[in-house]
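4 protein chains.
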Amino acid sequence: MSDERLTFRSKRIVQADSPAIDASGNSLWTGQYYNEGVDNDYFDKLKEECGVFGVYGHSEASALSFYGLHALQHRGEESAGICTSDGKNFYYHRDMGLVKEVFDNERIKYLQGPAAIGHVRYSTSGASKLQNAQPLVFKYKGGDLAIATNGNIVNAPEIRAELEELGSIFQTTSDTEVVIHLIARSKQKNINDAVKEALQRIVGGFAFLILVNDRLFVAQDAHGLRPLAIGRLDGAYVFASETCAFETIGATYERDLRPGELLIIDEKGMTEDRFAPLQQRSLCAMEFIYFSRPDSDIDEINLHSARKRMGRQLAMEAFVDADIVTGVPDSSISAAIGFAEQTGIPYELGMIKNRYTGRTFIQPSQELRERGVKMKLSAVRKVVEGKRVVMIDDSIVRGTTSLRIVNMLREAGAKEVHVRISSPPYKNPCFYGIDTPDRKDLIAHERTVEEIRIAINADSLHFLTKEGLLEAIGRTPDEFNRGMCTACFDNNYPTALSEEMEAVGCGTC
Amino acid sequence: MSDERLTFRSKRIVQADSPAIDASGNSLWTGQYYNEGVDNDYFDKLKEECGVFGVYGHSEASALSFYGLHALQHRGEESAGICTSDGKNFYYHRDMGLVKEVFDNERIKYLQGPAAIGHVRYSTSGASKLQNAQPLVFKYKGGDLAIATNGNIVNAPEIRAELEELGSIFQTTSDTEVVIHLIARSKQKNINDAVKEALQRIVGGFAFLILVNDRLFVAQDAHGLRPLAIGRLDGAYVFASETCAFETIGATYERDLRPGELLIIDEKGMTEDRFAPLQQRSLCAMEFIYFSRPDSDIDEINLHSARKRMGRQLAMEAFVDADIVTGVPDSSISAAIGFAEQTGIPYELGMIKNRYTGRTFIQPSQELRERGVKMKLSAVRKVVEGKRVVMIDDSIVRGTTSLRIVNMLREAGAKEVHVRISSPPYKNPCFYGIDTPDRKDLIAHERTVEEIRIAINADSLHFLTKEGLLEAIGRTPDEFNRGMCTACFDNNYPTALSEEMEAVGCGTC
Amino acid sequence: MSDERLTFRSKRIVQADSPAIDASGNSLWTGQYYNEGVDNDYFDKLKEECGVFGVYGHSEASALSFYGLHALQHRGEESAGICTSDGKNFYYHRDMGLVKEVFDNERIKYLQGPAAIGHVRYSTSGASKLQNAQPLVFKYKGGDLAIATNGNIVNAPEIRAELEELGSIFQTTSDTEVVIHLIARSKQKNINDAVKEALQRIVGGFAFLILVNDRLFVAQDAHGLRPLAIGRLDGAYVFASETCAFETIGATYERDLRPGELLIIDEKGMTEDRFAPLQQRSLCAMEFIYFSRPDSDIDEINLHSARKRMGRQLAMEAFVDADIVTGVPDSSISAAIGFAEQTGIPYELGMIKNRYTGRTFIQPSQELRERGVKMKLSAVRKVVEGKRVVMIDDSIVRGTTSLRIVNMLREAGAKEVHVRISSPPYKNPCFYGIDTPDRKDLIAHERTVEEIRIAINADSLHFLTKEGLLEAIGRTPDEFNRGMCTACFDNNYPTALSEEMEAVGCGTC
Amino acid sequence: MSDERLTFRSKRIVQADSPAIDASGNSLWTGQYYNEGVDNDYFDKLKEECGVFGVYGHSEASALSFYGLHALQHRGEESAGICTSDGKNFYYHRDMGLVKEVFDNERIKYLQGPAAIGHVRYSTSGASKLQNAQPLVFKYKGGDLAIATNGNIVNAPEIRAELEELGSIFQTTSDTEVVIHLIARSKQKNINDAVKEALQRIVGGFAFLILVNDRLFVAQDAHGLRPLAIGRLDGAYVFASETCAFETIGATYERDLRPGELLIIDEKGMTEDRFAPLQQRSLCAMEFIYFSRPDSDIDEINLHSARKRMGRQLAMEAFVDADIVTGVPDSSISAAIGFAEQTGIPYELGMIKNRYTGRTFIQPSQELRERGVKMKLSAVRKVVEGKRVVMIDDSIVRGTTSLRIVNMLREAGAKEVHVRISSPPYKNPCFYGIDTPDRKDLIAHERTVEEIRIAINADSLHFLTKEGLLEAIGRTPDEFNRGMCTACFDNNYPTALSEEMEAVGCGTC
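Protein chains in written order, with our numbering: chain C, 458 to 966; chain L, 458 to 966; chain E, 458 to 966; chain W, 458 to 966.
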């Protein structure tokens, strides 16, 4: 034994599994993530954790998945993957990076077969690992099995502990792996029954695409928390987290999945089944406010239009006289235009986001760090100088970004900065697939609007009311299957939660 | 001699000079460029060929150049390079790719010294070669010499032929190399005189940054065709094609260079000199209309504001009753908002551009090609369906893009599509650094507005008048040093041209 | 459902899991493997499937593993991996490629902690998959667990089927994964007992390094088929498939593991235990003949010296008068020198192997293919021209290589070519970790020596006798713990085999 | 001007020109070169600076060049390049790295046309720059021009200064660029005359392949210092620094070039001309002793055989009684076998070189550095332990390597180490293309054999006499066209030298 004492205590697996994974912990793009960290701290936005896309019955399933995932890229920039089946084999590839970086012509050609499921994934803090990139692919007694998910399983830790006790071994830290184990361990003879049984065990908000040999299972959680839409293309079925993926590939939108629904697609066609009784839907409100692309529709409602209405509603609720209206790019532009149209105050380009900004950046020196931040977002001095500015943003999470943007506008000469937020104060963490900070880090948690206004250095601050939000979106909780989850605003979670969850932050995708 | 007859005739050097350069001619990103070709054909925009950035007297000259070039990335996405001097050595690096791809922390650290010049470059057709990437660096009798340019030398071919006759050898196909030869062959004892003599030989539109040992020369062509601004930061001098680079690094804008001006910066400070008499400026109008970033200012005029005024002016000149106004992203958003404000017709997100789109794409099959195009730009069905749409664009080059966008809007359900262009018809090629197609390929060349309207399938079509453009910009030709080059609209070129030029298209950067 | 009929039948997972894995099936180095295929066909050698290396108790455990694995590179060129433990975390990295390609300074630094296990791996046909690269790392109820193995588990398919029936899911096609499942499912309270229980279930030839949290298990199969040596360095324990790794890192060799031995190393030191009763050793004879590096020792016997003795023995058994002796590089040089010394016929460089040859090669055209072969091995015309040549090789597998080499020597002008093989005819496949072709493809299977001589176009051919081989090696089966497995020569397998095995070829590592 | 004083004084261009070139000065393989530096310091061998290969008149000219350069890889491992001509265009590619790394199928296919010249290059200290990688390609008044060289131009600095004074600019630091300038500036009407005129200006030791449009020029310096052989393949002409390249591609060797010879190959065939009168040849002796591959022939003499004879001669000149003979791999194996055969002392594998060693290595810590060295070369303990060892090496340059090897053998247990060198003491630098240290760093300069013996810690030391060397090689200076340059041993340089050269070390390739 060498001199140094080996002090082995707790354990955690840290994996570096591909050329994309490197020495400083998780990814060779460390500098990037570092800066991304700066950026995310700066921009301080909530992060959707995943997007899923599926095809069944098309000769170019992998290429369609590529285009579809590319359209869903905003839902997850960290890793991408596709698994296809030609009936004989599963083919798959996944890696850290954007869809366009992970795949090329050769790889798409390699991914053969008419059925495909794909995935894009955001990192959750400290876990940007290739091993967690989806689709996850396994062999079990029944053959091959792949899964792509969006969302979070609230009772995954309990199930995992139970499975480990029975001797299961895990290769990932992803909650999703428990679903596979549940299917593999099912005593059901029939794969359809085994999948249904597994789904009945889990609680949470999720959209699943599960490929088993020659069969595709598509499921949504019992409350319909996460979006998942069905489309058709040349006779094939396509599935996507957002309808913008359908527009990209030329598919036609059919409908959204319903709470507790389980679709089974095989050679004979699609069977509509369910694993839980139909109940009131609780679709995530943040999909309307921030996550989904403005050109996507959810249940027939276009999101750009909904956001413009939020801006108009906000103007009605909290008018302020000013010289210009500006929105924090890109997500708040629609609301800002709505605000401007409602008030007659001109919409101006008060800030600009560098469109070449990505993960890859040189690390600025301490001296240049403050400047570096401007690489991503900068004020347009000539536009804001001497003006009373209404700055529209979709939400405030920690408040750090808002403070910096307000200060940036002031440094560029803005005389007044009035902040208007197109959603209610964000007070509670999400446990259904959104990466939120701990409750204590949410600026709206236990702070009044006036305290927040002071913290972000604004001349005035208003949030859209929950009622105004629902009005603007145009769907209300009492309409059946049109309800929304607004737990982040009102602490009203649609599912049971673990005690731990109530205390801390969120899980994984 | 083997069987096959060796038929050697004309010659052209085709180089593959780095891992980034490959077998199919120019770049390993062939698939990308192929699609980029599709894209450029689709989007059919003029391409600015270069952006330059320089620093003299700052301890972080290379890092500042990185941030500055990043802000100028839109002026050239193909290659990037920086050359620095620490007095003892020149250090340089250049490669195919975006600024953030070409440089990393280590490379920036390697680029030592307080003086730097940098460059971003667009490809001109068939010449996306690393060897032409700038800065170009040479050794001559006086020491080391590097050059970064934006623009085009009209009489470069004549000078090159002359130099070759004298025994000069060339490693690039870049016009810029002739400037170096002229300096190296000058009989002038003094480097300042040698540079001045070389500049007096050349005709064209250009902005030059020339690093000679411990000295920086900054020059603008005799007509002031290409933009170049001077800024200050912590006592150091900075130079950039656009002021947005100054905002990014926190520098303050001082002024624009004047026609024929030559600045010489050395240890003792900056000397203002000139190589040609001051004359009326002829600044490129397309910088105002399309090329420069909306947050840049030229001669105190902010470009977003100028473009909004173009939109308002266009509304006054060519009003049409409609349900929504939409702009082709990203360059026409400002004008579209101006048009909407002037008319009261709501501005809507009728189209969306995928922000992850870049050069890297898998090659769609013939069947998917049409769909692939939507990866870059797609209509928002819910927004345009059943609507009378005013579609604002900044210019029409070949017309192919306009046709596709109009058709895309119609396919998405637009009832009427009224096209409004925020500049006059583009009829003549540019010879000063803009990559324009041959005159015959310009749709406005020898076609009436009505003929163009039919070609692009619009319900109505109007172009902004030249007078309206100048009014909107807020600078007119008769104001001294505020004149503009509008040769692309009115065939009124400020410099002499070669006969060949009048016949065909443009040269290189 | 689209037109094409989805015909889903059997299934096999084909994974493309990293940038190193590509479209044509398994690896981006396809061209290479293709040519490697050519090469392997040409050189037609048996392939050792793995090398393992372990450290316990050294501050530079990962760097030592790097150097150790590099010394063992010849045992597996396809993938490399290291997993370390610092007590709190496991750190690991593995990828396709050579040790020096897979690791760099940063990655080695990232792999923290005083305990490490490492692995190099050859591809077995059609399975060069990253997912199978070792060490394999898992989480189970007891914490973290990693394994690196050399060898093969004869009853893995049965155990795997049994585990799948119990609901286990598998991520790899590696036999090794069953060991982990057995440990995880063990009812034993104590990890030591769980490992022992798992080892008792499996049959085969293997050397295992198993890292469980803060503990290292080192085991050898009950017959001692695969080599594994123990060394000491600065008080730390090191383990390696061959002693050459110890010389490289400056460690001192202690002893080889014994059949059925299980070492358990933890903070308190090393415990010598066993999971099976001590029995006669059956060490792989091919390790002496071909696999191990000539500078390695097994049980105190240096392999270069042993091979020289094989050459001398061969000369005594099958002398032939000739002008020169030459050996097929690199593995037969020692035997050739022994033959030359015994006979007095000069040893000459009749063939040369290009030392830059690796996996990466351009694919020769059909016309150039025959020439391409010479890139790897070529005859030295001036040396062999007009000469009677004795060509020494260590073994003949399919015979294709021998034919080509004989013909190459003849084309270079050799008057006679007498082939002498320093081992007995290779007639039976190995089931203990060597990649052998099917029995029917072994040229010595069901052919007489004279038939083989004709097939390889030699003037004469002799194989070393089994008795001569054992004599030369200097260890005989009747010496306890010094026995050898010579099943490939005499069909005398030390373990039970499955019926399937008797019929076909080999399994996986 | 910022605070820091800009102190600009002398200048040197340091280029980082490709992804292969990085921040710490020259190459992204810095760590490698660092270790390579360690290695080269350790192995302390002279370095051949280049290998050239040419084809004229073959449909697979680029593929043949690939295979040919691969065979010449030992002559230059740093960069590789090929330029082809199809009569219409030149096509070229070059990069840092081995031939197999720089080229792939696509690149080779891209390099079209029946004429090709190729180059491999070693780094000279501090100048491993892509810009100096050959072939160099230029445009001049007569068209396209490419050059590949092996050797050194003694009067290049003077010519360069003269050319710069006339206004020439240089992109490389390579001497070779002056030849191009001389050709481009020639007043001769005819390209043949221009090339001849240029060659007449330069003094040194060189082999040139110059491609001008559709014509290939092949030249050797007036003294025939560097080797260059002519071969034929399928009617085409091939040229190579060594004949091993011909064996690889299946070409037949015709003859070596003669001193001052100039071959001109065009569509009509090959013209034999000369630019200098025929004189006594002075072929580099080190090509026989060390540089060329043992399977190459020079003027009909095979180098393995010549080296074996050197070993025999050495045994006759300096016999010593011992137990084993061993050679430093790889270059001294032939001589060691000769020594063993002559003396009857058995040849043994006393040392082994790791065949996976390349440029890519992790940087060992200070503690591991000494161990790291063993990654490349290690003693075989079992072989040398307790033995009296004769260690054969081909030369001693600085002596550092010899000392370490002797010590390594002693540490492994050698009782006595007797060093025998198969060449005379190396006392003088080479100015004809070999990278030698300064005279003062050559251990044999101003030291007696006894002093060297002490310095390298040997029990005895002997060098082969010059007479013995010439005898062994089998060619003597008085045979016309068979003379050799032995300046490194006897200070008898065949060409004029600059004063500077006499003082210091060598130039560049």
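For every residue, glycine included, the Cβ atom is placed at its ideal position computed from N, Cα and C.
As the structure is a computational prediction, the values presented were derived from the model and not from experiment.
Endpoints, the alpha helix (DSSP H) within which residue i is located
i, result
"L/L926", "K923 to I930"
"L/R855", "Neither: L/R855 is in no alpha helix (DSSP H) and is coded neither H nor E."
"L/K884", "Element bounds for L/K884: n/a, residue is neither H nor E."
"C/H638", "T633 to R642"
"W/H761", "L760 to E774"
Cβ-based neighbour list, residue i, same chain, cut-off 7 angstroms, excluding 5 preceding and 5 following
i, result
"W/S739", "H680, G681, L682, G940, M941, C942 and P951"
"C/L918", "V876, V906, I909 and R910"
"E/N864", "N914"
"W/A708", "G688, R689, L690 and V695"
Local Cβ density within 10 Å of residue i, reported as buried at 16 or more and exposed below that
i, result
"C/Y490", "In this prediction, C/Y490 scores a pLDDT of 23, lower than 50, which makes its location untrustworthy; the coordinate-derived value is nonetheless stated afterwards. By the 10 Å Cβ count, C/Y490 comes out buried."
"L/A763", "buried"
"C/G843", "exposed"
"E/A901", "buried"
"C/D496", "Below a pLDDT of 50, predicted positions are generally treated as unreliable, and C/D496, at 38, falls in that range; the measurement from the model is reported next regardless. Looking at its Cβ environment, which holds 16 or more other Cβ atoms inside 10 Å, C/D496 is buried."
6 angstroms CB neighbourhood of residue i in its chain, flanking five on each side removed
i, result
"L/F665", "T606 and A676"
"C/F595", "L602 and I637"
"C/V559", "A537 and D552"
Cβ separation of residue i and residue j, assumed to be a contact under 8 angstroms, to the nearest whole Å
i, j, result
"C/G782", "C/A793", "Going by the sequence as given, residue 782 of chain C is Val instead of Gly. That belief holds up - the Cβ atoms of C/V782 and C/A793 are roughly 5 angstroms apart, short of 8 angstroms."
"W/S542", "W/D671", "6 angstroms"
Cβ neighbours of residue i in the same chain (closer than 8 angstroms, five flanking residues each side left out)
i, result
"W/G514", "P571, A572, G692, A693, Y694 and I722"
Inter-stretch contact (C-beta, 8 angstroms, three-pair minimum) for the segment 530 to 547 of chain L and the segment 600 to 613 of chain L:
Taking 8 angstroms as the limit for Cβ pairs, the verdict is that the segment 600 to 613 of chain L does touch the segment 530 to 547 of chain L.
Between the segment 511 to 530 of chain E and the segment 681 to 698 of chain E, can you find at least three pairs of beta-carbon atoms closer than 8 angstroms?
yes
Within the chosen definition, does the segment 522 to 538 of chain L reach the segment 553 to 571 of chain L through at least 3 CB pairs nearer than 8 angstroms?
yes
On the three-pair Cβ rule with 8 angstroms, is the segment 834 to 851 of chain E touching the segment 862 to 877 of chain E?
yes
Could you check whether the segment 697 to 710 of chain L touches the segment 749 to 768 of chain L, counting it as contact only if at least three pairs of C-beta atoms, one from each stretch, sit closer than 8 angstroms?
As far as the Cβ criterion goes, the segment 697 to 710 of chain L touches the segment 749 to 768 of chain L, which means the pair count is three or higher.
Contact the segment 645 to 661 of chain L vs the segment 615 to 634 of chain W: 3+ CB pairs below 8 angstroms:
no
When the Cβ atoms of the segment 758 to 775 of chain W are set against those of the segment 793 to 803 of chain W, are three or more pairs found closer than 8 angstroms?
The segment 758 to 775 of chain W, when compared against the segment 793 to 803 of chain W, does touch it at the 8 angstroms Cβ threshold.
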